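Asks: When the letters of the sequence shown are read in order and numbered with my numbering, they come out as residues 373 to 821. Cβ coordinates follow ideal geometry from the N, Cα and C atoms, glycine included. Computed from a predicted model, the values in this text were never measured in an experiment. This structure is in structure tokens; I'll ask about it shortly.
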Amino acid sequence: MSTFPPALGVPAPRARTRRVPRLDAPGAPMLTRAGYLWGETWRILLAFAFGAAVFALTALEVESGRAEVRFELLPLLDLLLGLASLALLPLRRRAPLTIALLLVGFSLVAGLPSGAAIIASISLATRRRIHEIAILAVVFVPNVLAYDWFYPPNTPLLATTAGTAHMPDWIVEVGTGVIGYTVVVSIGAFIGARRDLIRSLHERAAASELEQARQAEQARAAERERIAREMHDVLAHRMSLVAMHAGALAYRIDLSPDQVRETATIIRDGTHQALEELRGVLGVLRSADTTPDDDGPEGAEARPPRPARPERPQPTLDDLDELVAQARSAGNPVRLVVDLAQGEAPPAGVSRHAYRLLQEALTNVRKHAPGGRVVVEVRGGPGDGLRLRTANPVSTVVPRASGTAVSGTPGAGMGLAGMTERAAVAGGTLTFGETDGVFEVQAWIPWPP
């Protein structure tokens, strides 16, 4: 006696699209051509192995006399339909319902196409479309019933103990088809749901990367504009002094030669300093029709032009003691080490960039390591450059999923991006990272000889 019920299927490849998966499909994992070919190959081999097993079992049943062959040419037809099913299996993505119906139809009269029919049915079920599943059920459920008609068994499927009565075979066969199809649909639905989940996770990861890149670009743009505002204020101060002394030379005819020489020297030095500071921010563009606020990129939205408000002179390393005192008053013990060659002070532009870098570094420490000990080092000299370093332990850093540090101060994580941009504008470099539980920020700014 032989029954040949539909067996459990195997996972099918992407079936929610009607075409071969694009290698560059947005939001989807990268799929190489070799990976796609291998996926199709092992599915074809598995379908052939399953179908060959069914075909061999049928031949064994017929050979042993437990089943018969209704038509003599059925074995040859079985072989031809099996080869055709293997050839049609890779086309299930282009026409899922058509291919599934065709392959299940082949399996009604042949055993070799049964493996391909199950794989195509699972592939169709991954789409989770009720009308397609219902249409396929009409052909799939009576599969065993039709197959046993072409290969009728010589004994009933179920018999009583006395052997005088038995349950109708068609009830058992239809029940087997319903159970088998339910399993196939369940497997396909699970695979489809899992693929959707993976696809959504990839899309969310890609969106997160794009958002992070956008925020980093906004932070760099905001830092450029802030540097441009600082340089505008400093250059305005320098040039106003140059204009004042030049006016004195133009209208004061009672000046002695020494006074004229001294005034000309002041004009020369002021102009030279202004040119040096301007050279440090070449390439930094500032919007001509907007004046963003000091609170970051949010203030850069378009608004009616307004006159720039006067600001106090920008701080330099001369104000470093005050900055360290502020950090200490906030609860962070700070050890300051200043080692400058021959006690010389760096140029104003270098000093101003250094102050801003240390200010942002200490701000980050207050946000992410409140109460942690901080080491601040300032070393260098003319020709060697100015080296800055801050170090603090990271054991107190407990980030939260919301992006807020343990101190309660919100942080977007863009401070380091702005510091890197400022160091690059100054012609230097900045590196940061964790080593043995200590987070370090190191910067180098050129110091002309």
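#1: Where does P664 fall in DSSP's three states?
#2: Give me the Cα-Cα distance between T548 and L409, rounded to the nearest whole angstrom.
#3: What's the gap between the Cα of A733 and the Cα of G753?
#4: If contacts are defined as beta-carbon pairs under 8 Å, then V829 and N515 qualify, I think. What distance do you get, rounded to the angstrom?
#5: One question on the structure: do Y523 and E440 come within less than 9 Å of each other, judged by their Cβ atoms?
#6: How many Å lie between A622 and T637 at the Cα?
#7: What does T430 pair with, by DSSP beta-bridge criteria?
#8: Pick helix, strand or coil for P818, following the three-state DSSP scheme.
#9: By the three-class DSSP mapping on this structure, what secondary structure does E440 have?
#10: Who are the near neighbours of G755 in its chain, counting only those whose CB is closer than 8 Å to its CB and skipping five residues on each side?
#11: Where DSSP assigns a beta bridge to V511, which residues make up the other side?
#12: Got a sec, what are the start and stop residues for the alpha helix (DSSP H) D693 sits in?
#13: Round the Cβ separation of G437 and G487 to the nearest angstrom and send it over; I've been treating them as touching at under 8 Å.
#14: How would you label T498, buried or exposed, when you count the other beta carbons within 10 angstroms and need 16 or more for buried?
#15: With a threshold of 6 Å on Cβ separation, who are the neighbours of R787 within its own chain once the five nearest residues in sequence on each side are excluded?
#16: Please confirm if V709 has its CB atom under 9 Å from at least one CB of chain D.
#17: Taking the alpha-carbon positions, what's the L712 to A720 distance?
#18: Given this structure, state the Cα-to-Cα distance separating T635 from L647, to the nearest angstrom.
#19: According to DSSP, is E806 part of a helix, a strand, or is it coil?
Replies: Reading it off the structure:
#1: Residue placement at P664 cannot be trusted, given a pLDDT of 42 that sits under 50; the coordinates are not used to answer.
#2: 34 Å
#3: 22 Å
#4: Outside the shown range of the chain (373 to 821) lies residue 829, about which nothing can therefore be said.
#5: yes
#6: 15 Å
#7: DSSP output for T430 lists no bridge partner at all.
#8: coil
#9: coil
#10: W819, P820 and P821
#11: Answer by DSSP bridge pairing: none, since V511 is not bridged.
#12: L692 to S701
#13: At roughly 26 Å, the Cβ-Cβ gap does not stay under 8 Å, so G437 and G487 are not in contact.
#14: buried
#15: Here residue 787 is Gly; the residue named in the question, Arg, does not match the sequence. Excluding residues within five positions, the ones whose Cβ falls inside 6 Å are E732 and N736.
#16: Absence of chain D from the displayed structure is noted, only one protein chain being present.
#17: 15 Å
#18: 18 Å
#19: strand
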